[in-house]
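Residue numbers (our numbering): 1 to 488. No residue lacks a Cβ here, since even glycine has one placed at the ideal position from N, Cα and C.
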Amino acid sequence: YLLFYYSLSGLTADSYQLLANFDALVMTSGNLSEEPISIDNDEAISKLSDAADAFLVHNRDIFMRADDSVVRNHFLGYKAKPLFIRRSRGYAPEPISLNDDGPEVLGCGADIKNTFTLTKGSYAIPSQHIGDMENYETVKFFEESLRNLKTVYSVNPVAVAYDLHPAYLSTKWALSQQSAVSSQQSEEKNSSLITHHSSLSFFGIQHHYAHIASVMAENGIKRKVMGVAFDGTGYGSDGNLWGSEFLIADLEDFKRVGHFKYIPLPGGETAVREPWRTAVSYIKDIAGDEAAHYLEAIGFLEKYGKDNIDNILKIIDNREFSPLSSGAGRLFDAVSAILGICDRNTFEGEAAMALEFSAKEDIDDDYPVDVIFKEKIIVDFSLTMLRLIEDMERGAGNDIVAAKFHNTIVTVIERVVLKLSTIYKLHDAVLSGGVFQNMYLLRNTMDRLRSIGINAYINEKVPSNDAGISLGQAYIIRERLKSEKWSS
């Protein structure tokens, strides 16, 4: 049964008896991959003629692009709550209350699943889904949407926040605006960022700190919290790729107090697309010179070939080709590949999602894991991987192994948060980052933290993935500026 959200789609389906004449009906947006939706008739026909057999057009122009929103119902406690995967049409740009008045600022967001956020008075105004900032067309869409919302809400930012990643187009765009202001270019030339303020401030905000701040913004939290930011990749202050961050944070600053052990990503971005490479890296970290034995035991030598495996093993220690990562998402990818569930990401998060869906409910067991409490907390999954492989060799089902792995991550979060709570006398934990879109992980983590007396907060008004970054960026600089003059 298909319920059309748009009446014209239903009328079209009825007229051509689409539901009766096709075994499967796939509906998707009208755009080329990684480009914004086409909203002009001529543009759509020009770009999409190779993909579409026919076009239904109209003489009423579409003013502004807005992708479909995507939500996933999740049971937290005894009631279902829709959690956002993408907040766009039907929800954006609905303002989010920040409870008190503050300066007007702009958060530029990240490059993946980009949104931007403006603040006005006592509200934050997140944009619709912009998309992945990978090309000129998406940057142009970013500017069009920004210009529109600035006009609609009469916002003139006194400050701009951006991600620290130097290669992000969103970061480069923000820095180009900074250069334009410094050069005193005309307002017309700088029309995408109209400002009447002579001293526009620019702030780089660390990626995972912004994740945590997005939850703080939703809940009006200004006090110090324990932050758990789990995602695939975010640019770290030390130049490495972060993604499993335990933070002590307030709106003035943050302290990185723990993370997963760094693991090389053989081939960098290629390892993100091909998680089996990251799996090889984990095996090499565990077994050293004996890695080939374990790789043969799990079928990797046969599946990927000895030459490919040898090449990966050779480049693992070369930082130019294998950057260090603490990304929790990369760990989920690696386990998915080791279990033979998914070894390639044809879309973002595919391997981790497949691992989640494989996990059996009502399994309480987990794997041993080394949580090293020193000056900084380091979580080492070497023992976890060894026991996981032993389970595979004994013939344990993927559903059991996947569940035990998930439970291990929950146990790690519980142990670290409990330790931080004792050290820092804190009782509020904030969970954010794309990994927490994993409902098995989120539900069990929330239950476990509450059982030890920790107040756990999550994203409910914006996605926990990178689409929420802009809200966190904006909230941080807004609160920092509130004690100063808001404009010159």
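In this structure, the alpha-carbon of PHE347 lies about 44 Å from that of GLU484.
In the three-state DSSP reduction, ARG60 falls in the coil class, being neither helix nor strand. Taking the Cα positions, VAL228 is about 46 Å away from ILE45. The C-beta separation of LEU247 from HIS208 comes to about 7 Å, placing the pair in contact by the 8 Å criterion. Taking a cut-off of 8 Å on C-beta distances, the stretch 250-266 does not touch the stretch 448-459, as fewer than three cross pairs fall below it. When DSSP assignments are scanned along the stretch 296-366, no uninterrupted stretch of beta strand (DSSP E) that is 3 or more residues long falls wholly within it. For the stretch 364-449, the continuous beta strand (DSSP E) assignments of 3+ residues that do not extend past its boundaries occur at 370-373, 377-380, 428-432, in sequence order.
Annotation for VAL155: GLU104, LEU118, LYS120 place their beta carbon closer than 6 Å to its own, counting only its chain and skipping 5 residues before and after. Across the structure, ASN438 and LEU56 are spaced so that their CA atoms are roughly 38 Å apart. With a beta-carbon spacing of about 7 Å, THR233 and SER325 fall inside the 8 Å limit used to define contacts. The bridge partners DSSP lists for SER244 are PHE230.
By the neighbour-count criterion, in which 16 or more other beta carbons inside 10 Å mark a residue as buried, PRO166 falls on the exposed side. Cα atoms of PHE230 and ASP285: separation of roughly 21 Å, rounded to the nearest angstrom.
In its chain, beyond the 5 residues on either side, GLY10 have a beta carbon closer than 6 Å to the beta carbon of PHE4. Put simply, of ASP364, ARG256, ASN465, ILE389 the residue whose alpha carbon is nearest the alpha carbon of GLY109 is ASN465. For the pair VAL158 and LEU481, the CB atoms are nearer than the 8 Å cut-off. Ranking ILE62, TYR91, HIS58, SER49 by CA distance to the CA of ASP68 puts TYR91 first. LEU386 and SER15 have their C-alpha atoms roughly 59 Å apart.
Collapsing the DSSP output to three states places ARG273 in a helix.
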